[in-house]
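First the structure, in the form of structure tokens, and then the observations on it.
In the numbering used here, the protein residues as written are 221 to 609.
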């Protein structure tokens with residue numbers, strides 16, 4: 221575009237007025253937008269930088285419209301990427317609109333005589349360019365942030381599966397929005413192998429049900445870690461529909477990140493062990509699968525099973541401990557246990573019910589008997605390895 225004397229004069233006046241226009245724009249933002257007044261000083265300075273760059277960019281664009289895209293994009297290069305987290309796209313467009321309105325309201329001051337209409341038209345065209353650039357910057361930031369969040373999520377879930385909660389994991393989890401509190405852990409499988417698009421859709425579905433949930437998809441393994449103060453029973457039923465066929469295991473209750481790691485490891489081991497119990501419910505608690513988890517080599521399950529199903533009965537001692545041990549060793553037969561102990565069968569039945577009342581384990585129930593039998597065998601093996609006092 222040819223530089224007429226009027227255009228040259230307008231450019232001179234524009235360049236001289238950039239600082240004054242930027243100051244006027246910031247005053248306008250401060251007066252009209254409570255969200256701007258509430259910004260910390262650093263973020264306000266970033267906005268000021270963008271406003272100043274926007275006005276300077278308009279001057280450069282007015283001088284050479286052929287470089288419009290480059291000039292408009294450079295406006296947002298003047299501020300750090302963190303601005304897209306502190307200030308939303310909607311607020312950014314408000315900033316752009318305010319800066320444009322301030323420049324337009326002062327156009328008669330810097331437009332040379334006879335050049336007023338051209339300047340106003342230039343302002344309107346540039347406002348469109350800058351709005352498109354803002355949208356492009358936020359789209360790129362969202363894409364980049366999404367990729368970074370996905371990598372961060374994968375690191376956190378992987379650390380929880382391994383049970384390695386080092387100093388970095390809490391900060392990474394916090395960056396993803398996770399904070400300590402009641403957390404539901406569910407582990408199962410997907411409905412077959414998923415492609416990238418299917419995996420993304422599954423993640424969106426799960427997060428619509430449990431906002432902020434950490435989701436791990438490793439092959440066909442699906443891990444969901446949902447922090448929620450709501451009823452976990454209802455949440456479990458909603459999430460269950462997103463899992464594929466096969467066992468779905470719930471980790472023990474967890475609040476801290478260390479507890480979440482333990483719950484995740486327990487649930488992962490539970491999925492591997494669940495096929496050994498053909499009548500296991502769906503979903504099933506990881507602690508309900510303790511005997512089966514022992515079979516797949518889960519050391520934590522072995523220790524917990526002994527602690528909750530063997531040690532309490534051992535501590536009770538006396539006739540109760542002897543009766544449970546004898547009943548199990550006699551093939552779970554009341555009559556055989558009674559003859560072995562030289563007591564009536566009703567006496568054996570009475571003592572076993574006392575054990576159920578005391579511990580919650582009813583050895584007369586088939587599943588509880590299996591759990592206790594496994595626990596007693598493991599407990600005896602442990603005691604046999606202990607040095608005698």
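Ideal Cβ placement from N, Cα and C applies to all residues, glycine included. What you are looking at is a predicted structure, and each value in this text was computed from that prediction instead of being measured.
In whole angstroms, give me the CA-to-CA distance for residue i and residue j.
| i | j | result |
| --- | --- | --- |
| residue 242 | residue 266 | 13 Å |
| residue 551 | residue 584 | 12 Å |
| residue 374 | residue 230 | 55 Å |
| residue 291 | residue 311 | Bear in mind that the predicted position of residue 291 carries a pLDDT of just 49, short of 50, making it unreliable; the figure below should be weighed with that in mind. If I take the Cα positions, the gap works out to 21 Å. |
| residue 589 | residue 419 | 42 Å |
| residue 268 | residue 239 | 11 Å |
| residue 413 | residue 477 | 29 Å |
| residue 253 | residue 342 | 26 Å |
| residue 480 | residue 382 | 11 Å |
| residue 336 | residue 319 | 18 Å |
| residue 495 | residue 503 | 13 Å |
| residue 372 | residue 416 | 17 Å |
| residue 389 | residue 602 | 34 Å |
| residue 609 | residue 424 | Because residue 609 carries a pLDDT of 47, less than 50, the predicted location of this residue cannot be relied on, and no value is offered for it. |
What is the residue span of the beta strand (DSSP E) that residue i lies within?
| i | result |
| --- | --- |
| residue 436 | 434-438 |
| residue 447 | 441-447 |
| residue 408 | 403-409 |
Assign residue i to one of two classes, buried (16 or more other C-beta atoms within 10 Å of its C-beta) or exposed (fewer than that).
| i | result |
| --- | --- |
| residue 431 | exposed |
| residue 228 | exposed |
| residue 272 | buried |
| residue 289 | Confidence in residue 289 is poor, its pLDDT being 45 and thus under 50, which makes the residue's placement too unreliable to answer from. |
| residue 255 | exposed |
| residue 347 | buried |
| residue 570 | exposed |
| residue 333 | exposed |
| residue 436 | buried |
Going by alpha carbons, who is nearest to residue i out of the options?
| i | options | result |
| --- | --- | --- |
| residue 235 | 248, 283, 269 | 283 |
| residue 447 | 528, 401, 563 | 401 |
| residue 505 | 404, 394, 398, 417 | 404 |
| residue 465 | 523, 440, 561, 601 | 440 |
| residue 487 | 559, 259, 472, 347 | 472 |
| residue 587 | 280, 577, 499, 545 | 499 |
| residue 568 | 579, 540, 508 | 540 |
| residue 501 | 469, 526, 517 | 469 |
| residue 198 | 562, 525, 537, 376 | Past the edges of the chain, shown from 221 to 609, lies residue 198, and the structure says nothing about it. |
Starting from residue i, follow the alpha helix (DSSP H) in both directions and report where the run begins and ends.
| i | result |
| --- | --- |
| residue 453 | 452-460 |
| residue 391 | 388-395 |
Complete runs of the alpha helix (DSSP H) confined to the region 543-588 [at least 4 residues]: Runs found: 554-561, 565-579.
Ignoring anything shorter than 3 residues or poking outside the region 225-279, list the beta strand (DSSP E) runs there in chain order. Counting only runs that start and end inside the region 225-279, there is no beta strand (DSSP E) element of at least 3 residues.
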